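Residue numbers (my numbering): 8 to 257. Heads up, the beta-carbon is just placed ideally off N, CA and C, and yes, glycines get one too. On a predicted model such as this, the values are computed, not experimentally measured, just so you know. What follows is a set of notes on a single structure, which appears directly below.
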Ligand code: ZN
């Protein structure tokens with residue numbers, strides 16, 4: 008079984024289409040989408056409709072909940088807030104309905120899936136050893152937690168079976184073609200980065216391949232038509248900062 012992992016599409020249809028084509032080439036059996044289908048970008052309805060067609064494990068992110076009025080946007084920065092208000096106005100009722108039914112966490116034999124963290128499913132960022140530790144504790148003896156939300160490909164890992172607080176947590180940033188080997192005595196939290204708004208300094212769309220047989224997670228980066236998305240954002244009147252950051256991958 009080969010899973011294609013994606014997260015944080017953020018209404019960027021050009022990036023999503025490129026990733027879906029790449030996943031087909033990679034002969035992916037099932038797709039995992041770790042949330043934030045909408046927010047920031049110009050194609051909220053198109054992205055939700057494309058995701059709806061997929062037979063996969065699809066989760067809600069904080070922007071998806073904000074766009075249907077379920078999350079307080081007081082804590083969003085001004086650009087994110089402006090884009091969410093625009094998105095809420097654009098989304099068709101049937102697409103809001105779809106977002107409202109997405110789960111915030113999925114737990115299966117081989118992995119746990121969540122947008123943010125196990126401490127706060129949609130909102131907490133796992134960017135530090137301290138935040139990783141809280142989720143490791145909630146994983147108990149489970150080996151793998153796949154997350155989104157950070158827009159940054161990285162992994163936190165530690166040896167299993169040691170007393171909480173004594174097993175050092177290690178952290179690695181990841182980039183294109185990096186391969187992580189999973190093993191029974193290692194507990195891992197992995198983010199494969201963002202499809203539609205990467206923030207790791209590499210503007211290409213980011214995704215991952217999780218191969219159950221070889222027990223590996225591979226990071227993939229692919230170019231997409233950034234100018235097309237930027238043009239659509241400008242036409243929609245979305246904030247200039249959100250338009251320019253796509254080209255910087257920041
Ligand atoms: Zn996001």
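Cβ-heavy atom distance, residue i to ligand 1, below 8 Å
{"i": "residue 69", "result": "yes"}
{"i": "residue 127", "result": "no"}
{"i": "residue 46", "result": "yes"}
{"i": "residue 155", "result": "yes"}
{"i": "residue 130", "result": "no"}
{"i": "residue 201", "result": "yes"}
{"i": "residue 257", "result": "no"}
{"i": "residue 204", "result": "yes"}
{"i": "residue 108", "result": "no"}
{"i": "residue 86", "result": "no"}
{"i": "residue 207", "result": "no"}
{"i": "residue 158", "result": "yes"}
{"i": "residue 192", "result": "no"}
{"i": "residue 79", "result": "no"}
Cross-strand partners of residue i (DSSP beta bridge)
{"i": "residue 188", "result": "223"}
{"i": "residue 162", "result": "179, 197"}
{"i": "residue 13", "result": "40"}
{"i": "residue 114", "result": "119"}
{"i": "residue 212", "result": "229"}
Nearest-angstrom Cβ-Cβ length linking residue i and residue j, presumed shorter than 8 Å
{"i": "residue 59", "j": "residue 105", "result": "6 Å"}
{"i": "residue 198", "j": "residue 155", "result": "6 Å"}
{"i": "residue 150", "j": "residue 179", "result": "Not confirmed; about 17 Å, so no contact."}
{"i": "residue 97", "j": "residue 52", "result": "6 Å"}
{"i": "residue 125", "j": "residue 152", "result": "7 Å"}
{"i": "residue 12", "j": "residue 39", "result": "5 Å"}
{"i": "residue 166", "j": "residue 193", "result": "6 Å"}
Euclidean distance between Cα positions of residue i and residue j
{"i": "residue 109", "j": "residue 101", "result": "13 Å"}
{"i": "residue 242", "j": "residue 147", "result": "48 Å"}
{"i": "residue 138", "j": "residue 158", "result": "16 Å"}
{"i": "residue 191", "j": "residue 184", "result": "23 Å"}
{"i": "residue 120", "j": "residue 245", "result": "31 Å"}
{"i": "residue 143", "j": "residue 251", "result": "36 Å"}
{"i": "residue 103", "j": "residue 176", "result": "39 Å"}
{"i": "residue 134", "j": "residue 238", "result": "32 Å"}
{"i": "residue 123", "j": "residue 56", "result": "23 Å"}
{"i": "residue 74", "j": "residue 63", "result": "22 Å"}
{"i": "residue 161", "j": "residue 95", "result": "31 Å"}
{"i": "residue 257", "j": "residue 234", "result": "16 Å"}
{"i": "residue 33", "j": "residue 213", "result": "14 Å"}
{"i": "residue 81", "j": "residue 88", "result": "8 Å"}
{"i": "residue 78", "j": "residue 72", "result": "6 Å"}
Buried or exposed (CB count within 10 angstroms, at least 16 for buried), residue i
{"i": "residue 48", "result": "buried"}
{"i": "residue 31", "result": "exposed"}
{"i": "residue 186", "result": "exposed"}
{"i": "residue 220", "result": "exposed"}
Residue i: CB within 8 Å of a non-hydrogen atom of ligand 3
{"i": "residue 17", "result": "Here the bound small molecules are ligand 1; ligand 3 is not part of this structure."}
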